[in-house]
Every structure is written in structure tokens, then in C-alpha cells.
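First residue of the sequence shown: 963, per this note's numbering; consecutive thereafter.
Every residue, glycine too, gets a C-beta built ideally from N, C-alpha and C.
Given the structure is predicted, the values throughout are model-derived calculations rather than measurements.
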Amino acid sequence: MMDCSTSWRCRINGAASPARRAVFLDRDGTVNIEAGYIRDLADLKLMDGAADAIRRLREAGFLAILVTNQSGPARGYYPESWIWQLNNRLTSLLHDGGTTLDGVYYCPHLPDGSTQSYRKDCNCRKPETAMLQWAARDYGIDLTASYMVGDKATDVEVGQNAGTSAILLTSGYGEQVLAGTYQSLKLIPEHIAPDLAAAAEWILAQG
Ligand SMILES: [Mg+2]
Ligand SMILES: [Zn+2]
């Protein structure tokens, strides 16, 4: 066994700190009730059991990291600062529920957006994987030991393309995804669960 306190090689490789595991969470239809483009803070409401699920995952050692496409600014619906107000409302509700998020990543872009500064064919809009890769770098996450949970086919794709296991929820748009009436499910999720609470149960049972 190499002594990492004296070896430059360990520090260069980052091998001295074991990789962490994360549960990446979509926002709308996963943590909060799907309500379209939210323009009133009061319309952002947690899914039943969401706070408890996140609390239990964090207690088990998982980082809880939100990864969300938020194209409202690109569509000219509201300024980017509104995304922060919504995220603050979300974390405040989670705090009331006894937990928090370890990180929040969002993509404000859209390839055919009406607002020029956000009109971009970016690599962060799910199912592109940049948000998960940034988080992996920022937090030292082993993506292959991590999970992506969301209600759209693109959530399954972003997770599996980044190397995580993917759980599709039938909350939010998930029921329509499974019925084939919203997006097409190109990849098969490792698991399908009715909501985040059930997804957390399943993740915790995997060990
Ligand atoms: Mg969603
Ligand atoms: Zn983006």
C-alpha cells in the first residue's frame, strides 16, 4: 500500500480521496410537482415524500445534485434570475422538510430560443451530459456508482450516456413517456418507480 501522505503520485491522481456517489435529480416532475413554466413561487410545490427521500439518500452517503433544463429565459418567459428564485424556494421547502441539496446545475439554453444570448446548441441541455460531468469533476463523483432520477426519456438518456444507472419516474411526464405519447424512450432505464420516494427506496436497497 502506497503512503499517500508522501507520494506526489497519489495527489496527482487524486487517489487519496475515494470517489463519492451521487443521486442526480431532475427538478420538475421529480422533486417538485410538474407545473409547466412556473411564474409564481407559490406554484412550486414538493412532490409527496421528496424531502424525506433526499434526506435518506444523503444520510446513506449520496450527494443529492439537481440537474435541470430551464429554457424559460431562452424562450423569453422570464430572466435567468427567476431560475435562482425558484431554486431558492425549492431549497427552502427542502430545508423545512429536514434536508438540502448538495448542488444545483441548470441549463438555460435552447438551440432555437427566442432570446439571442441563450440561443445555443450547448452541451449542457439534457440529454447532453455536461452538467453531470461538471458535477463529477467538482465533487469527485464516480458516475458509474451513481444514479440519475427523472420523469423524461431525456433523463434516462443523460444518466446512461454519462455512465450512471437511470431511474424513470411515472410522476410528471413519466406516464406519458411509457405510453409512448411524450418523447420516445430510446434507452431502457435500470428501474421504473412511481415517484422519488419509491426510487430512493430502490436505490437504498441496491447497497
Ligand atoms: Mg422533469
Ligand atoms: Zn446548456
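Secondary structure at Asn1050: helix, using DSSP grouped into helix, strand and coil. Within the model, the alpha-carbon separation for Asp1104 versus Ala1155 is close to 23 Å. The Cβ neighbour count for Gln1122, taken over all protein chains shown within 10 Å, is at least 16; the residue is labelled buried. Counting along the chain, the unbroken beta strand (DSSP E) around Leu1131 starts and ends at Ser1127 to Leu1131. Taking C-beta atoms under 8 Å as the contact rule, Tyr1135 and Glu1021 fail to qualify, at a distance of about 29 Å. For His1153, the secondary structure class from DSSP, reduced to helix, strand or coil, is strand. DSSP lists no bridge partner for Thr1061.
If the five residues before and after Ala1162 are omitted, its C-beta is found closer than 7 Å to the C-beta atoms of Ala1015, Arg1018 and Leu1019, all from its own chain and listed in chain order. One residue list follows from the rule of a beta carbon closer than 6 Å to any heavy atom of ligand 2, given in chain order as Cys1069, His1071, Cys1084, Cys1086 and Arg1087. Within the same chain, Cβ atoms closer than 7 Å to the Cβ of Asn994 are found at Leu1006, Lys1007, Leu1008, Met1009 and Leu1052, the five residues on either side in sequence being excluded.
Residues close to ligand 1 by the beta carbon criterion (under 7 Å to any non-hydrogen atom) are, from first to last along the chain, Asp988, Arg989, Asp990, Gly991, Thr992, Glu996, Gly1112, Asp1113, Lys1114, Asp1117, Gly1134 and Tyr1135.
Relative to Leu987, the option among Pro980, Asp1117, Glu1152 and Arg1099 whose CA is nearest is Asp1117.
Rounded to the nearest angstrom, the gap between the Cα atoms of Thr1077 and Val1111 is 29 Å. Distance from the Cα of Thr1030 is smallest, within the candidate group His1071, Gly1060 and Asp1058, for His1071. Ranked by Cα distance from Ala1036, the options Ala1013, Leu1003 and Tyr999 are led by Tyr999.
Ranked by Cα distance from Ser1033, the first of Tyr1144, Ala1159, Arg989 and Ala1160 is Arg989. Leu1003 is not a Cβ neighbour of Ile1027, given a cutoff of 8 Å. Here Thr1091 has Val1120, Asn1123 and Ala1124 as same chain residues with Cβ atoms under 7 Å from its own Cβ, once five neighbours each way along the sequence are excluded. Under DSSP, Tyr1067 takes part in a beta bridge, and its partners are Val1029. The continuous alpha helix (DSSP H) containing Arg1018 extends over residues Ala1012 to Glu1021. Cα atoms of Tyr1039 and Gly1169: separation of roughly 42 Å, rounded to the nearest angstrom.
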